[in-house]
Structures are given as C-alpha cells and as structure tokens.
Amino acid sequence: MEKAKKEYMLIDGMPVEINGEKNLLELIRKTGIKMPTFCYHTELSIYGACRMCMVENKWGGLDAACSTIPKAGMEIRTNTERLRKYRKNILELLLANHCRDCTVCVNNGKCKLQALAAQFHIMNVRFPNTASTPVIDDSSACIVKDTSKCILCGDCVRVCNEIQNVGAIDFAHRGSKMTISTAFNIPLAQSPCVGCGQCAAACPTGAITIKSNVSEVWKALDDKDTKTTVQVAPAVRVALGKELGLREGEDAMGRIVAALHKMGFDEVFDTSTGADLTVLEETDELLGRLADDKAPLPLFTSCCPAWIQYCENNYPELMPHVSSCRSPMEMFAAILHEESKNSAKKHYHVAVMPCTAKKFEAKRDELKLDGKDPVDAVITTQELIRMIKEIGIAFEDLEPEAPDAPYAGHSGSAVIFGVSGGVTEAVLRRISPDKTRTGLNAIAYQGIRGLEGAKYTEVEYEGRTLKIAVVSGLKNASDLIERIRAGEHFDIVEVMACPGGCINGGGQPFITSEYKQLRSDGLYSADKLCSVKRSEENHLTAILYDGILRDKTHELLHVKYDRK
Amino acid sequence: MADNFDYTVVDSIVDELGAAESSIIAILQAVQEHYRYLPREIFPHIAKRIGVSEVRIYSVATFYENFSLEPKGKFVIKVCDGTACHVRKSIPILERLRSELGLSAEKSTTDDLGFTVETVSCLGACGLAPVITVNDKVYPAMTPDKASELIKSLKEEV
Chain L
0 MEKAKKEYML IDGMPVEING EKNLLELIRK TGIKMPTFCY HTELSIYGAC RMCMVENKWG
60 GLDAACSTIP KAGMEIRTNT ERLRKYRKNI LELLLANHCR DCTVCVNNGK CKLQALAAQF
120 HIMNVRFPNT ASTPVIDDSS ACIVKDTSKC ILCGDCVRVC NEIQNVGAID FAHRGSKMTI
180 STAFNIPLAQ SPCVGCGQCA AACPTGAITI KSNVSEVWKA LDDKDTKTTV QVAPAVRVAL
240 GKELGLREGE DAMGRIVAAL HKMGFDEVFD TSTGADLTVL EETDELLGRL ADDKAPLPLF
300 TSCCPAWIQY CENNYPELMP HVSSCRSPME MFAAILHEES KNSAKKHYHV AVMPCTAKKF
360 EAKRDELKLD GKDPVDAVIT TQELIRMIKE IGIAFEDLEP EAPDAPYAGH SGSAVIFGVS
420 GGVTEAVLRR ISPDKTRTGL NAIAYQGIRG LEGAKYTEVE YEGRTLKIAV VSGLKNASDL
480 IERIRAGEHF DIVEVMACPG GCINGGGQPF ITSEYKQLRS DGLYSADKLC SVKRSEENHL
540 TAILYDGILR DKTHELLHVK YDRK
Chain F
0 MADNFDYTVV DSIVDELGAA ESSIIAILQA VQEHYRYLPR EIFPHIAKRI GVSEVRIYSV
60 ATFYENFSLE PKGKFVIKVC DGTACHVRKS IPILERLRSE LGLSAEKSTT DDLGFTVETV
120 SCLGACGLAP VITVNDKVYP AMTPDKASEL IKSLKEEV
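Line order of the protein sequences matches chains L and F.
Here the first sequence is numbered in numbering that gives the first Met the number 0, starting from 0 and rising by one per residue.
Here the second sequence is numbered in numbering that gives the first Met the number 0, starting from 0 and rising by one per residue.
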C-alpha cells in the first residue's frame, strides 16, 4: 500500500509529524516533553479526569491532551502562563483534601502527587486542609487501601476491570462523597480481589499500597536462635537495579545475594531451583494427561497465585484442569522445610517475590506442611529495596556473590519463569527430542516470547499436535477460557496474572511500558549465561529426587487447592 | 448470602429488559419498583446474569440518589423542598412529619417499615406548593396540621 502524505501539526511552534498516535499526549511525549498526568496510562482506556495534561489550542481553548486526537494543521501550546496557573490550581485543589504528612507516608518518594507538587513548585495551598482521617482496609494479605489518600484518578478501577477483569473495586457514591470501594464496602479480603497488586502499581499516591512484611523479617534476622533462609524469585533480579543505581533490566542477582548475606540471612537461595522441579513435575503431569483419554485438558499452569484465586472465584469447574504442582516458591520452601523440620534450631524462611499475591499464597492452608507454612514471610522486590536502603548498603558497590550450597544451581529454563512464556518454553525444552542448540533456538522463535497478552503456538509431540496458549493479564485469560468453553481445544495454557508475566508483578518497582522489554531481555540473557539449559540437566534435581524427595514427591511438590 | 431469596422477579425483569450492561439502570429501576428498594441479594445475581462485576452495579446504584439500598416503608412520603415549596414553608411540614414518626435526616424509615420520609428537590408542581406525595399520590397546599392528620389516617392502614 502506498504511504499516505505525511501530516504535521505544531507543538509549541515546532512542526511535528503525526504517525498514527492515538492522542495528543502520546505525540507530545515523543517531542521530549514530559506532560504531567495522573490518570493516563498507555495500557488503559482514556478517562480524562485529572486535567493535568491540558494544552492550549490556537483559538485559546483548552483541550485535555489525553483525549484529543491529533489532526493535521493543529496548533497547540503545552506550556503557557494560563496552563501553568491551571495546573497549579488543580494540584492545590487535590492537596486541599489530601493528607500532607508526606514524611510518614508509605509512598514517600514514589508518590506522583508529591512529585508533581514539587515539579510545579507548590509552596502554599490557599485552601483549608479538609483531609479526612485515614480510612484503612488492611484485610487483604497483599495490599492496603487507604481511601483518604485517594485522588479519584480511577487508575486502579480501570486496571482491575480492563486488564484483570477481576472487578473487585469501582467508584461508589457521587460528588464529594465519591470513593473507590468494593461492593457494599466489604473488606478487600472478602471481595473478588485476587491480590495481584496491579492496582497498587498503578496508584499514583499512597491510597493503595503493598502490605509490608519487612518488620517481621527484621525481627527474625535479629533473633540469634533462629536460622534464617531466603529465596529470591527469577523476576526480582532484573527489576530492582534501577532504583539502586544499576540499569533497568540489569541482572543483579549476585548483588542481591551479597546484600541478603550482609543483612544477616544464614543461607540465600535462588527460587529458580524450585522452578526446575516445577518444570519436571509439570511436564510429567502433562505427559500423564496426554496419555490418558479421560484426563482433563488443557493443563493450566499453577505457578501464579493470583490466577489460582481468579480461577477458584470465576471458574471453579476448571480447577481440575489446573496443574497440581505447587508453585516454584512453595516447592523450594517445602524442601527447606523437610530438611530443617527435625532441627533443634528454629527455621524462618523468607521469599523475595515480584508478586503481592504470593503473600496470600504463603498463608494458604492447603500448602501447610506438618501444620506449618513453609514460607514464613513474603517480601516484594519493593520491600527488599526498602530494606537495602534502610541499612545503607551501597548496592552498586557490592561484590556479587553466589547462592549458598547445597541448593545452588539452576537451569536457564528456570530463570525465564519470570517472564510470560517462560514456563511454556521450559516445558517445550523438556519434551522436545531435539536437544541441540538449534533445537533450543527453534523453541525460542516459536512465538511464545514477547510481551503480548496472548500468544499461541503448536508443537509436534509423538505424532500429535499440541496446541499451546500463553496468556498474561487475567482479562486475556478469561477471553481464552470463553473460547475453550465454546469448544476450542488447547493442550497447555500458561497463565500469568500480571501483563508480561512476573517481571511486571505488582510487587516490582513500577515502570512505564517502554522499559518492560528491558526486564524481559534481562531474563533471557540470564538464561543465555546458564551453562545448563534444560531442567532435567540440572544435576541438583536428581540429587533431590534421590534424597529429600524420595517417596515424598507428591506430598512436598503437589497440592490440591480446596478453598472453603 | 441468603440462598432462599426468590430470583424469579429479578430474572423476569432481566429477561424483559435484556441482559446487557446498558440495561443496568433500567433493571435496577424495575427491581426497585417491585421491592421499593434494592435488596442486597440481587446484586451478585444481576452481575452474573449480565456479565459485569457486582461492584459495577453497586457503583451505579450508589451514584443515583433515586436508588435505595435500604428497605423503604410501605408509605414513601416525599416532601418537596424545591424553591417554590421552600418559600411557602415546606420545612415545618417536613419537621412535623419527622417528629410525628420519630424520624430524622439520618433515619428516614420507621422501624416497623411503615413510613419513609425524604425530601426531593422539585416535584414539578410548584403551583400547588407546598406539595408532598405519598407513594406518588400528590397532596397539594399542605400545612403541618394537614400532614399530622394525613399520618393519622395512613397509620390505620399500616
């Protein structure tokens, strides 16, 4: 098709080419101007509520850039005396009924309201402060909601509905009484919330934040009579660097291990070791089901606790389809539990996760072993960053260290668990008869890599064609399930609740979409650096199966979810 | 929630108006007309029928003043407090009604679910001010004393 004539418009007097941008805001950003906004996110529908991105058109009218389509010949200015005045006014009004005790806010330093107030140099709010006292819902194991800090941008509502299709929260009431609420204002723990934490990631203020377990971890570390162990999930290593002086997406695992040792953990491990076990167990389960005509297919993956809860809430009849494998975190914790359960010393096990829903998973009754939670506390990447900052470790200067024996060592298959498509790729590596480098590359280019929300592929296995779907974002999962209900057949479905997989988990530092690829690249290059590519080639798994797991594979590595 | 709730009424309303997100308001209006309020049990049921979240329906129901989540009395008395009625002394009528029935601005329905007293901004009957309605029957040119007598006769019917 011949390309249409180029179209231009003027932004601050500069001609700018229009290239199909869906709104002015995107185009303005491409010219290098950081437009202020609270309610605009590339991935979400346009709401146009905050009015911070107003621009002035050539007739002196004001348009919200986020909800104006660029057209040829348009002339707008992004920064005039009038606009500065309006933006300051909006900020002052928002601050008028907002708590201003920034120094004691969980979101101190990460708050967009705080940042924009500083950017626009708000030194004085002319209106009396009518902030209400905190209205806190901390019933959820994963997130804390304080409606008194809400600016009603609606980001959380749209994430919860449009991306996750969970629909736990929405606006309630109207006018000055409007709040973000669950149905009938029931506690979040009783709502359909699955704890994915994407609302907390999207929230520009401290209204929805991650529930912190940091203080109990410090306490355990301080207790001389307790042996403290910690495991770190794959996705964590590529997400915390930027806040600590490294590049976004840079693999910081060596430094994380060093930092955790410095904090006082007796033993530091990599959850990837657990992921290798998951690959082996889940593949066996898949092959077992393929061999059995009556077994339920597709097999849904079970690594993601938010997905498990979503399935229980919305599709309980599909639970038999979900793999019985414990998640990598729980598998690894089960091994540590088994090893230490007869020891005289108390054992406290911490998991560092990209995920807020893991906090809920760690407390699930079904996963208890000998009446005890195998994971005592889950902290997110953000909480780990907080701990590193709290004790003043110069992270970028740390000498990288290796995880501790005897559970050090994992395959490349395990480390890519942190990105959507990784679990599937790991399973394909295991079942593919082609064990050459060419075979690996063929799997990599099968179409299951990438940050798209729904990916499909087919592989030949022993004379049959396996249909595979990889989805991330629970809306994509429910769309796929509707297709399956309508009769479409799949053999394997990988589901990750967070868009793009764990690298964008609710517990990770929030980044805008252009950086997400860097985290994914980081994990795939970590895979490249592993000399062992396939889970079954990780010798540690053989040692475990012959040792701790002998006759206990089912008890320690599998689970039947049975929520009352 | 109460499993013994009879959903036949709600189901026939949804069938008639269409199980679509765009029908939420119409469905809630019809349900309220039947029950005189929106029983909590209907929310998850309607949500499932039209394929939206329960909280979305709650959001719509709390947005409009006209929807009530609390059971209303057998007699719903609306006291007009639009400009015309207000200047012709609607407030003393309201106060009389409330004191007769032991109600207040916070508590608008009697414990026996006999009466609900609420204000509305304008009933569009300014020529008859001050006006009240009882279950949508209009009582024009009211006074506090007339209101007392009306309550007395209605009480016999409760």
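Backbone N, C-alpha and C fix where the C-beta goes; we use that ideal spot for every residue, glycine too.
No experiment lies behind these values; they were computed from the predicted model shown.
Please report the straight-line C-alpha distance between G546(L) and S471(L), rounded to a whole angstrom. Going by the C-alpha atoms only, they are around 36 Å apart.
Could you tell me how far apart the beta carbons of A116(L) and L94(L) are, in whole angstroms, since I believe they sit closer than 8 Å? Rounded, the Cβ-Cβ distance is 6 Å, consistent with contact.
Against G166(L), what residues of chain F qualify as contacts under a CB-to-CB distance less than 9 Å, listed in chain order? Among the residues of chain F, those whose CB is under 9 Å from the CB of G166(L) are A46, V51, S52, E53, V54, R55, following chain order.
Between L522(L), L151(L), C192(L), which lies nearest to I179(L) when the distance is taken from Cα to Cα? Residue L151(L) is the option with its Cα nearest to I179(L).
Comparing alpha-carbon positions, which option in D11(L), M13(L), Y7(L) lies nearest G19(L)? Checked all of D11(L), M13(L), Y7(L); the closest Cα to G19(L) is Y7(L).
Quick one: using the 10 Å Cβ neighbour count with 16 as the cut-off for buried, is Q507(L) buried or exposed? Using a 10 angstroms sphere on the CB of Q507(L), the tally of other CB atoms reaches 16 or more, which defines it as buried.
Taking all protein chains shown into account, decide if D433(L) is buried (16 or more other Cβ within 10 angstroms of its Cβ) or exposed. D433(L) is exposed by the Cβ-count criterion.
Is the distance from the Cβ of I56(F) to the Cβ of F42(F) below 9 Å? Yes; because the gap between Cβ atoms is below 9 Å, this pair is in contact.
Rounded distance between the beta-carbons of I502(L) and V418(L), thought under 8 Å: Correct: roughly 5 Å between the Cβ atoms.
Unbroken alpha helix (DSSP H) runs of length 4 or more, entirely within the region 389-426 of chain L: which are they? You should have 411-414.
Output, in chain order, the set of chain L residues within a Cβ distance shorter than 7 Å of F4(F). One finds nothing in chain L with a Cβ atom closer than 7 Å to the Cβ of F4(F); even the nearest lies about 15 Å away.
Cβ of D169(L) less than 9 Å from any chain F Cβ? It does; some Cβ of chain F falls within 9 Å.
Do G230(L) and V267(L) have their CB atoms nearer than 9 Å? Note that residue 230(L) is Gln in the sequence shown here, rather than Gly. Yes. Within cutoff.
Output the boundary residues of the alpha helix (DSSP H) element that contains N56(L). Not the alpha helix (DSSP H): N56(L) falls in the beta strand (DSSP E), residues 53-56.
Please decide whether R95(F) counts as near chain L, where near means a Cβ-Cβ distance under 9 Å. Proximity of R95(F) to chain L, defined by a Cβ-Cβ separation below 9 Å, is not satisfied.
Whole alpha helix (DSSP H) elements within the region 212-269 of chain L, 4-residue minimum: As far as the region 212-269 of chain L is concerned, its whole alpha helix (DSSP H) runs of at least 4 residues are 213-221, 252-262.
Since T61(F) meets chain L, which of its residues come closer than 7 Å, beta carbon to beta carbon? Against chain L, the beta carbon of T61(F) has neighbours under 7 Å at A171, H172, listed in chain order.
Of all Cβ atoms in chain F, is any one closer than 9 Å to the Cβ of T225(L)? Not an interface residue.
Out of curiosity, what's the CA-to-CA distance linking Y523(L) and H409(L)? Y523(L) and H409(L): Cα-Cα distance of roughly 14 Å.
Look at the alpha carbon of V531(L) and the alpha carbon of I378(L), and state the distance between them as a whole number of angstroms. In this structure, the straight-line span from the alpha carbon of V531(L) to that of I378(L) is close to 29 Å.
Per DSSP, what kind of secondary structure is Y178(F) in: helix, strand or coil? Residue numbering for chain F in the displayed model covers 0 to 157; residue 178(F) lies beyond these limits and cannot be assessed.
If you run the structure through DSSP and keep just helix, strand and coil, what is F42(F)? F42(F) sits in a helix when the DSSP states are folded into three classes.
Counted within 10 angstroms of its Cβ, other Cβ atoms place F564(L) as buried (16 or more) or exposed: Outside the modelled stretch of chain L, which goes from 0 to 563, sits residue 564(L), for which no answer is possible.
Whose CA, out of T7(F), F66(F), S147(F), D110(F), lies closest to the CA of I23(F)? Measuring from the Cα of I23(F), the nearest candidate turns out to be F66(F).
Does N78(L) have its Cβ less than 9 Å from a Cβ in chain F? At a cut-off of 9 Å between beta-carbon atoms, N78(L) makes no contact with chain F.
Looking at chain L, is there any beta carbon in it that lies within less than 9 Å of the beta carbon of S107(F)? Not an interface residue.
Identify which residue in K5(L), H120(L), I430(L) has its Cα closest to the Cα of D287(L). According to the sequence displayed, residue 287(L) carries Gly and not Asp. The shortest C-alpha separation from G287(L) is found at I430(L).
G273(L) beta carbon less than 9 Å from that of I334(L): G273(L) sits close to I334(L), with the two beta carbons spaced by under 9 Å.
Identify every residue that forms a DSSP beta bridge with A457(L). It should be pointed out that residue 457(L) corresponds to Glu in this sequence rather than to Ala. Answer is K466(L).
Name the DSSP bridge partner or partners of A116(L)? Within the DSSP secondary-structure output, A116(L) pairs in no beta bridge.
Which listed residue (P127(L), L548(L), L61(L), I68(L)) has its alpha carbon closest to that of L92(L): Ranking P127(L), L548(L), L61(L), I68(L) by Cα distance to L92(L) puts P127(L) first.
In whole angstroms, what is the alpha-carbon distance linking M141(F) and H85(F)? Using only the alpha carbons, I get a separation of about 12 Å.
With 16 as the cutoff for other CB atoms within 10 Å, does V130(F) come out buried or exposed? Looking at its Cβ environment, which holds 16 or more other Cβ atoms inside 10 Å, V130(F) is buried.
How big is the Cα-Cα spacing for I142(L) and C149(L)? C-alpha of I142(L) to C-alpha of C149(L): approximately 15 Å in a straight line.
Could you tell me which chain L residues have their CB closer than 8 Å to the CB of I120(F), listed as they occur along the chain? According to the sequence provided, residue 120(F) is Ser. The question's Ile does not apply to it. Correct list: empty, because the minimum Cβ distance to chain L is about 14 Å.
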